[in-house]
Structure formats: C-alpha cells, structure tokens
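Student:
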Amino acid sequence: MSQLCKIVPERCIACGLCAVYAPEIFDYDEEGIVLFAQEPEAHQQFVPEEQQVPVLNAYKKCPVRAILLEA
Numbered sequence: 002m003s004q005l006c007k008i009v010p011e012r013c014i015a016c017g018l019c020a021v022y023a024p025e026i027f028d029y030d031e032e033g034i035v036l037f038a039q040e041p042e043a044h045q046q047f048v049p050e051e052q053q054v055p056v057l058n059a060y061k062k063c064p065v066r067a068i069l070l071e072a
C-alpha cells in the first residue's frame, strides 16, 4: 500500500536525522531545513515501497515531528 509522506519545514530544527535514515527521500536546503530529495519544492509525496522502512525510521527519529505519514 502506498504511503503518503508530508513534511512541515516550519517545524524542522535542522538536525539532519531524516537524511541520515532515508537519504534517498530526504535532503535539506542551505539552512539545513528538510525537503524532499527528488522534489525540493513539494511538501508531500508518495513513498516508494522499497523506501517505506527508511522513511518510517526517519519519522520515528524526528524530534519535532516535521515528518508526517499517512496510510
């Protein structure tokens, strides 16, 4: 089942954990704020099945819940 991932850049504290756990999905801008690696302007995207575990780990590790997941 596809999983929708949303990011909330306003919550991001630039810790970089999302890019550590799911580098194929997350990156950050010049200020260290989260963005999607493939679609930097987007604030939501569907997670490919092979990336769901890394994205779930990034979601769990985000200290400020700047990453949201919907089934």
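Take the sequence shown: its position 6, counting from 1, is numbered 7 in my numbering, and each next residue is one higher.
Ideal Cβ placement from N, Cα and C applies to all residues, glycine included.
(1) Using the C-alpha atoms, what's the distance from Leu36 back to Ile8?
(2) So, are the CB atoms of Ala67 and Cys19 less than 9 angstroms apart?
(3) May I ask you to report which of helix, strand or coil DSSP gives Gln39?
(4) Give the DSSP-derived three-state secondary structure of Gln6 in the structure shown.
(5) Tell me the DSSP secondary structure of Glu50 in three-state form.
Tutor: The short version:
(1) In this structure, the straight-line span from the alpha carbon of Ile8 to that of Leu36 is close to 7 angstroms.
(2) yes
(3) coil
(4) The amino acid occupying residue 6 in the given sequence is Cys; Gln does not appear at that position. Strand at Cys6.
(5) helix
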